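In the working numbering, the protein residues as written are 55 to 229. Where a beta carbon is used, it is the ideal one built from N, C-alpha and C, also for glycine. As the structure is a prediction and not an experimental result, all values here were calculated from the model. Since the structure comes first, as structure tokens, the remarks are kept for the end.
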């Protein structure tokens with residue numbers, strides 16, 4: 055009997071926690087119907103090209119065209135490399151890579167910046183005596199760091215748009 059009451063209490067407690075999934079905006083719209091209205095500016099260099107493609111896949115997976123309400127501009131800094139482990143013969147055996155990006159989300163109608171933030175991703179790879187293997191490890195790490203940055207940016211944009219939607223909905227109910 056005690057466990058049954060405890061289970062019922064736990065269900066009631068968890069149902070009131072306020073959790074809402076990130077893939078829905080309050081009015082029942084899918085997040086992608088909002089994020090597909092974001093135009094992404096060009097980002098210089100190959101890493102910028104990869105970042106833009108990743109963001110397009112995350113924010114507009116259906117590749118829908120149409121009216122854009124927001125403009126996302128991104129500044130991608132050059133990767134920073136730092137030797138992490140140096141052996142006795144002065145050979146670096148591990149290198150750390152950090153990539154930073156800052157971004158701004160602008161509302162097209164008002165030309166007002168509604169979100170400005172930055173993110174970074176850091177990782178490391180082993181340096182071996184074979185230059186080809188080392189270069190492949192470096193390239194793979196950079197690709198993974200770009201994916202992490204694109205995920206960070208998309209999550210921040212979605213959570214920002216979701217919180218604004220909740221604020222707007224709260225204001226319409228109180229007015």
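Residue burial classification, residue 131 (beta-carbon count within 10 angstroms, cutoff 16):
As a working note, residue 131 is residue 77 in the chain shown. With fewer than 16 other Cβ atoms within 10 Å, it is exposed.
What distance in whole Å lies between the Cβ atoms of residue 112 and residue 217, which are believed to be in contact at a cut-off of 8 angstroms? The count along the chain shown starts at 1 and reaches residue 217 at position 163. The count along the chain shown starts at 1 and reaches residue 112 at position 58. No, residue 217 and residue 112 are not in contact; Cβ-Cβ is about 18 angstroms, not under 8 angstroms.
- Around the Cβ of residue 187, are there at least 16 other Cβ atoms within 10 angstroms (buried) or fewer (exposed)? Position 133 of the chain shown, counting from 1, holds the residue named residue 187. The residue is exposed, with fewer than 16 neighbouring Cβ atoms inside 10 Å.
field: Touch test, the segment 146-158 against the segment 122-138, Cβ-Cβ under 8 angstroms, three pairs minimum
entry: yes
Contact check, residue 202 vs residue 89, beta carbons under 8 angstroms: Reading the chain shown from its first residue, position 148 is the one you call residue 202. Reading the chain shown from its first residue, position 35 is the one you call residue 89. No; because the gap between Cβ atoms is not below 8 angstroms, this pair is not in contact.
Extent of the continuous alpha helix (DSSP H) run through residue 166: Within the chain shown, numbered from 1, the residue matching residue 166 stands at position 112. Segment 166-180 is the beta strand (DSSP E) holding residue 166; no alpha helix (DSSP H) there.
- Query: When we look at the beta-carbon of residue 123 and count the other beta-carbons within 10 Å, is it buried (16 or more) or exposed?
  - Reply: Looking up residue 123 in the chain shown gives position 69. That one is exposed.
Does DSSP classify residue 189 as helix, strand or coil?
Numbered from its first residue, the chain shown carries residue 189 at position 135. Three-state DSSP puts residue 189 in a helix.
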